[in-house]
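Structure, as structure tokens:
Rendered as structure tokens:
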């Protein structure tokens with residue numbers, strides 16, 4: 244799906260109270276190696292979150308180098324090494340350090356899964372976009388406890404609650 248269509252469909256999936264206030268964006272840097280890019284979310288024109296390919300890879304390689312420096316090479320199997328590297332990706336994602344591909348995949352996933360699946364997704368960005376989804380009703384929004392969620396999920400929860408006139412739970416950013 245082309246980006247313009249994905250953007251249009253994703254923003255149409257946002258709650259009525261958020262339409263026109265929250266937008267998703269992406270760009271590609273054609274002059275860079277592999278045409279890497281950046282994706283971001285704006286609220287009332289202000290950027291609140293960014294996912295960049297270059298920033299992701301920089302943090303990933305730093306974490307991977309630290310891991311390799313602390314582990315003994317003779318005791319590590321290839322499967323163990325892959326599992327540790329996957330753990331780095333998961334850890335970075337929970338911190339909100341994502342590549343552009345994660346952002347775009349999450350938007351696409353949101354359009355193709357139920358709100359129940361979105362709210363229980365292992366992917367933090369899918370859960371975050373779920374907070375904006377019109378299928379998440381006010382009653383369920385009131386009942387959510389996001390204190391154990393990532394900062395992005397908490398932020399989008401607080402923005403959605405404010406837009407709906409609902410008082411967010413303590414611990415949610417506002």
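Numbering (my numbering), first residue to last: 244 to 417. Glycine residues also receive a C-beta, built at the ideal position from the N, C-alpha and C atoms.
What would DSSP say about residue i, mapped onto helix, strand or coil?
i           : result
residue 388 : coil
residue 340 : coil
residue 285 : strand
residue 376 : strand
So, is the C-beta of residue i closer than 7 Å to a C-beta in chain D?
i           : result
residue 383 : Here chain D cannot be found, since the structure has a single protein chain.
Among the residues of its own chain, which have a CB less than 8 Å from the CB of residue i, if the five just before and after it don't count?
i           : result
residue 376 : 256, 257, 258, 353, 358, 361
residue 335 : 299, 302, 303, 306, 341
Where do the N-terminal and C-terminal ends of the beta strand (DSSP E) with residue i fall, by residue?
i           : result
residue 245 : Taken as a continuous stretch (DSSP letters only), residue 245 belongs to no beta strand (DSSP E), as it is neither H nor E.
residue 293 : 289 to 295
residue 214 : Because residue 214 is not part of the residues shown, which for the chain are 244 to 417, the question remains open.
Under a Cβ-count criterion, where at least 16 other Cβ atoms within 10 Å of its own Cβ denotes burial, should residue i be classed as buried or exposed?
i           : result
residue 397 : buried
residue 282 : buried
residue 386 : exposed
residue 295 : buried
residue 280 : buried
residue 427 : Any question about residue 427 goes unanswered here, given that the chain covers just 244 to 417.
residue 333 : exposed
Considering only residues of the same chain and omitting the five flanking positions on each side of residue i, which have a CB-CB separation below 7 Å?
i           : result
residue 383 : none
residue 290 : 283
residue 349 : 366, 368, 369, 372
residue 234 : Not covered by the structure: residue 234. The range shown for the chain is 244 to 417.
residue 253 : 267, 350, 353, 354
residue 337 : 367, 393
residue 327 : 310
residue 378 : 358
residue 409 : 381, 384, 385
residue 286 : 264, 265, 402
What is the residue span of the alpha helix (DSSP H) that residue i lies within?
i           : result
residue 358 : 358 to 362
residue 403 : 394 to 407
Please return the same chain residues whose Cβ sits closer than 6 Å to the Cβ of residue i, not counting the five positions on each side in sequence.
i           : result
residue 370 : 364, 396
residue 406 : 260, 261
When the Cβ atoms of the stretch 345 to 363 are set against those of the stretch 320 to 330, are three or more pairs found closer than 8 Å? no
Is it the case that the stretch 261 to 268 contacts the stretch 401 to 411, given that we only count it when at least three CB pairs across the two stretches are under 8 Å? yes
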